[in-house]
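Visitor: Residue numbers (the working numbering), protein chains in the order written: chain S, 1 to 221; chain Y, 1001 to 1221.
Glycine is no exception: its CB is placed at the ideal position from the N, C-alpha and C atoms.
This is the structure I want to talk about, given as structure tokens.
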DNA sequence: TCAAATCCTGACCAAATGGTCAAGTTTTAA
DNA sequence: TTAAAACTTGACCATTTGGTCAGGATTTGA
């Protein structure tokens, strides 16, 4: 029995060269799509970024739309994998703190992924609507139910749990999507530094924990 | 003396027709740029949206880049005008509440303006960097100084005032830029309703006021 | 070793795109 | 009334774009 028959059709045809090139192209594509959106990105620009002739991009992905789809699927998978760990029996403070930290790490390490996703949302999410209406909606329902449970158990102050989650995303992702704005306003000519991400993480965490009554308020002077 | 000589060169040549057409074109352009970014937008699409032949767009604006510039300038002016009213002697609670409300009204009423701006920021803000580094930076410095003053006077709890402002923007603008996401997750098939914006406004206000110690924490159950 | 499979890519194409222009129509102001 | 100014737009153009393809190079597996 051929070992390869255990792999999906996709993986079967992936030799070393194929895998390397696909990775290279997708990385380049993520960058170009992030900076220009789907319509604004050109296959020529992606090819140059990847250091390959344009025809090579089409050899592996066929069309620009399919390449974009592949990049988007990759990002959705990344998103979902980062969404796992909030459980009912965890400690509210630690859970929220860890979650904010995890989202901020993504913003810092995969800003282009966040930007591609943002571009897609601004455009009205034509290609990921079903993901939003299913997986993401379910995730929100599940996690906000856990927050509500914590609230009902008196483990944290009453909050609008759905909006709390939305606003955590908004605050964490702004540091990836709109980095240019914050760098300019903060006077960081070479882009944001790790310290900036730490300061932002602390500010968001403080905000969320105070809102949830999980952090003692400092006494006013 | 000609009455028109009191006007800027720009305004001098603006008869009724000119003004109407420019308005129409810019409105259409804002929509198309919002949905596609600068590179992805086509003059043909803008022309169709405006209900005018393409050559007419070029008659008034010359090039796509100049039209984009005009749209962007319009939005920056709108942003700046909404940024005015935070004064040192105002009441912290009222001021923050009003400011959040004003930003949310902009998100609700001018989502395309917000989206064009967001597109520009995602792309690295090549055309508005000087605005970010000057007017906006100054505004942040000025307003965060006022917050710090309030804190020093014991009128609100200590917070990272700069990040607080950044995060208010992030939370309020997400309701314009990523409306598609929130509508999908909330199951609003025809887009967000006014009630959704009100709920978001309340959630953000609660969050900010609790963070600043300006709203009594509800007792835990 | 060697043939099949995979990979590579310059040259090419049709369609789309930003922009121009000339010839006309409408508006304005004296 | 009338001539200048402003406006309109179909037809057109050079460039860019996504995509194709044939023929050759390299890798793979038995």
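Determine the extent of the alpha helix (DSSP H) in which residue 1164 of chain Y is found, giving its start and end residues.
Guide: 1161-1177
Visitor: Quick one: list the residues of chain S neighbouring residue 1217 of chain Y, beta-carbon separation under 8 Å, in chain order.
Guide: 157, 213 and 217
Visitor: Go ahead and label residue 1019 of chain Y buried or exposed: buried means 16 or more other beta carbons lie within 10 angstroms of its beta carbon, across all protein chains shown.
Guide: That one is exposed.
Visitor: Residue 7 of chain S to residue 15 of chain S, Cα distance in whole Å?
Guide: Legend: pLDDT at residue 7 of chain S = 34, less than 50; position of this residue unreliable, value from coordinates given subsequently. Going from the Cα of residue 7 of chain S to the Cα of residue 15 of chain S covers about 12 Å.
Visitor: Below 8 Å on C-beta distance, what does residue 160 of chain S contact in chain Y?
Guide: 1199, 1202, 1203 and 1206
Visitor: Can you grab the Cα-Cα spacing for the pair residue 176 of chain S / residue 82 of chain S, in whole Å?
Guide: 16 Å
Visitor: Just to check my reading of the structure: residue 186 of chain S and residue 202 of chain S have Cβ atoms closer than 8 Å, yes? What is that Cβ distance to the nearest angstrom?
Guide: Your pair residue 186 of chain S and residue 202 of chain S does not check out as a contact, with CB atoms roughly 15 Å apart and the cut at 8 Å.
Visitor: When the Cα atoms are used, what is the spatial distance from residue 1111 of chain Y to residue 1200 of chain Y?
Guide: 15 Å
Visitor: For residue 28 of chain S versus residue 50 of chain S, is the C-beta distance shorter than 8 Å?
Guide: yes
Visitor: For residue 1026 of chain Y, which residues in chain S fall below 7 Å Cβ to Cβ?
Guide: At a C-beta separation below 7 Å, residue 1026 of chain Y has no neighbours in chain S, since its nearest C-beta there lies roughly 19 Å away.
Visitor: How many angstroms separate the CA atom of residue 1150 of chain Y from the CA atom of residue 1096 of chain Y?
Guide: Distance between the alpha carbons of residue 1150 of chain Y and residue 1096 of chain Y: 12 Å.
Visitor: By the criterion of Cβ-Cβ separation under 9 Å, what are the contact partners of residue 58 of chain S in chain Y?
Guide: Within chain Y, no residue comes near residue 58 of chain S; the closest Cβ sits about 20 Å away, beyond 9 Å.
Visitor: Quick one: residues in its chain with C-beta nearer than 8 Å to the C-beta of residue 1026 of chain Y, no 5 flanking neighbours on either side, listed in chain order?
Guide: 1067, 1070, 1071 and 1074
Visitor: Relative to the C-alpha of residue 78 of chain S, which residue among S:215, S:38, S:136 and S:65 is closest?
Guide: S:136
Visitor: Could you give the C-beta distance for residue 1147 of chain Y and residue 1161 of chain Y, rounded to a whole number, given that I count them as a contact under 8 Å?
Guide: 4 Å
Visitor: Determine the DSSP secondary structure at residue 1041 of chain Y, reduced to helix, strand or coil.
Guide: coil
Visitor: Does the beta carbon of residue 72 of chain S sit closer than 8 Å to a beta carbon anywhere in chain Y?
Guide: no
Visitor: Got a sec? Which residues, its chain only, sit under 7 Å from residue 101 of chain S by beta carbon, not counting five neighbours each side?
Guide: 201
Visitor: Since I believe residue 214 of chain S is in contact with residue 92 of chain S (beta carbons under 8 Å), could you give me their beta-carbon distance rounded to a whole number of angstroms?
Guide: 6 Å
Visitor: Between residue 1122 of chain Y and chain S, is any beta-carbon pair separated by less than 8 Å?
Guide: yes
Visitor: Where do the N-terminal and C-terminal ends of the alpha helix (DSSP H) with residue 149 of chain S fall, by residue?
Guide: 137-152
Visitor: Determine the extent of the alpha helix (DSSP H) in which residue 194 of chain S is found, giving its start and end residues.
Guide: 194-211
Visitor: Distance cutoff 8 Å, beta carbons only. Does residue 1018 of chain Y sit that close to anything in chain S?
Guide: no
Visitor: Going by C-alpha distance, which of S:138, S:157 and S:205 is nearest residue 1216 of chain Y?
Guide: S:157
Visitor: Buried or exposed for residue 1099 of chain Y, please, with buried defined as at least 16 other CB atoms from any protein chain shown within 10 angstroms of its CB.
Guide: Its Cβ being crowded by 16 or more others within 10 Å, residue 1099 of chain Y is buried.
Visitor: For the alpha helix (DSSP H) that contains residue 1104 of chain Y, what are its first and last residues?
Guide: 1092-1109
Visitor: Who are the near neighbours of residue 2 of chain S in its chain, counting only those whose CB is closer than 6 Å to its CB and skipping five residues on each side?
Guide: Interpretation of residue 2 of chain S is limited by its pLDDT of 32, a score under 50 that renders its predicted location unreliable; no figure is taken from the coordinates.
Visitor: In angstroms with no decimal places, state the Cα-to-Cα distance between residue 125 of chain S and residue 117 of chain S.
Guide: 9 Å
Visitor: For a contact meaning CB atoms closer than 7 Å, what does residue 181 of chain S contact in chain Y?
Guide: 1121, 1125 and 1132
Visitor: Please state the DSSP three-state secondary structure of residue 1010 of chain Y.
Guide: Note that residue 1010 of chain Y has pLDDT 43, beneath the 50 cutoff, so the model's placement of it is unreliable and the number below is only indicative. If DSSP states are grouped into helix, strand and coil, residue 1010 of chain Y belongs with the helices.
Visitor: Return the CA-CA distance between residue 1053 of chain Y and residue 1060 of chain Y, expressed in angstroms with no decimal places.
Guide: 12 Å
Visitor: Given a threshold of 16 other Cβ atoms within 10 Å of its Cβ, counted over all protein chains shown, does residue 1065 of chain Y qualify as buried or as exposed?
Guide: exposed
Visitor: Would you say residue 148 of chain S lies against chain Y (beta-carbon separation less than 8 Å)?
Guide: With 8 Å as the cut-off, residue 148 of chain S does not count as an interface residue toward chain Y.
Visitor: Alpha helix (DSSP H) containing residue 70 of chain S: first to last residue?
Guide: Per DSSP, residue 70 of chain S belongs to the alpha helix (DSSP H) from 64-82.
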